[in-house]
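Following: one structure in structure tokens, then a few remarks.
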């Protein structure tokens, strides 16, 4: 039986117990509008046609990686009333970027020679092929600052909260009653087979709209 809290029924959490959702890993995320209202556009002949609000949903999803530099965005799709996307957390990017910045400070030929074979830049839009293999084993990332490192407290919920809030602020200028479902769904991608299945599901989602559980 579902317990009550302050007179209301509580929905059991779907979150995996003992898992740190700030850990380096790829996550499959689904966010839906309140009451499955189709604010974001419509699907015609298997193609998604974004409304003005849908354009905002698309734009601010891409903005996530700029707000959180250790986030890599993979496949995603804006559907009429929900969004599917793969978010990869890789906090090692911050460590590598800071390390490279230190090397770039000096114009010393000796330092330049030492780093001639190093990668010059990290493409924030590219998926690292080792991402899936870096799913956390429970070891905390924090460098010399340990638990005081702010990156340790940046997790999936924080990214989605930022995204929902930013979208809501702009979308209510068009639809004052716009609202999201209060929660979101996530799945930790643990292997390549799962990654490929989820990627295909995202990419072909518009073709299967009438079969979708969010279809209204």
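Residue numbers (the working numbering): 60 to 275.
The C-beta atom is built at its ideal place from N, Cα and C for all residues, glycine as well.
Whole-angstrom C-beta distance between residue j and residue i, which should lie under 8 Å
| i | j | result |
| --- | --- | --- |
| residue 139 | residue 102 | 6 Å |
| residue 245 | residue 86 | 5 Å |
| residue 81 | residue 148 | 7 Å |
| residue 247 | residue 257 | Actually they do not touch by this definition, with Cβ atoms about 11 Å apart. |
Selected residue, minimal CA-CA separation from residue i, among the options
| i | options | result |
| --- | --- | --- |
| residue 223 | 105, 87, 123 and 104 | 123 |
| residue 243 | 82, 92, 81 and 84 | 92 |
| residue 137 | 131, 255 and 107 | 107 |
| residue 144 | 275, 215 and 269 | 215 |
| residue 99 | 220, 263, 231 and 258 | 231 |
| residue 84 | 110, 225, 151 and 111 | 151 |
| residue 112 | 234, 275, 268 and 94 | 234 |
| residue 264 | 135, 121, 119 and 95 | 135 |
| residue 119 | 262, 221 and 236 | 221 |
Paired residues, beta bridge with residue i - DSSP
| i | result |
| --- | --- |
| residue 91 | 141 |
| residue 147 | 85 and 131 |
| residue 239 | 92 |
| residue 101 | 108 |
| residue 245 | 88 |
| residue 136 | 143 |
Straight-line gap, residue i to residue j (C-alpha atoms, nearest Å)
| i | j | result |
| --- | --- | --- |
| residue 281 | residue 115 | The structure shown has nothing for residue 281, since the chain only spans 60 to 275. |
| residue 273 | residue 266 | 14 Å |
| residue 238 | residue 89 | 15 Å |
| residue 253 | residue 260 | 10 Å |
| residue 270 | residue 141 | 14 Å |
| residue 126 | residue 104 | 35 Å |
| residue 146 | residue 97 | 23 Å |
| residue 240 | residue 133 | 23 Å |
| residue 217 | residue 268 | 29 Å |
| residue 275 | residue 94 | 10 Å |
| residue 110 | residue 225 | 17 Å |
| residue 117 | residue 236 | 19 Å |
| residue 121 | residue 219 | 12 Å |
Proximity test, residue i beta-carbon vs the ligand SAH heavy atom, cut-off 6 Å
| i | result |
| --- | --- |
| residue 109 | Annotation note on the ligand SAH: not contained in the displayed structure, which lists no ligands. |
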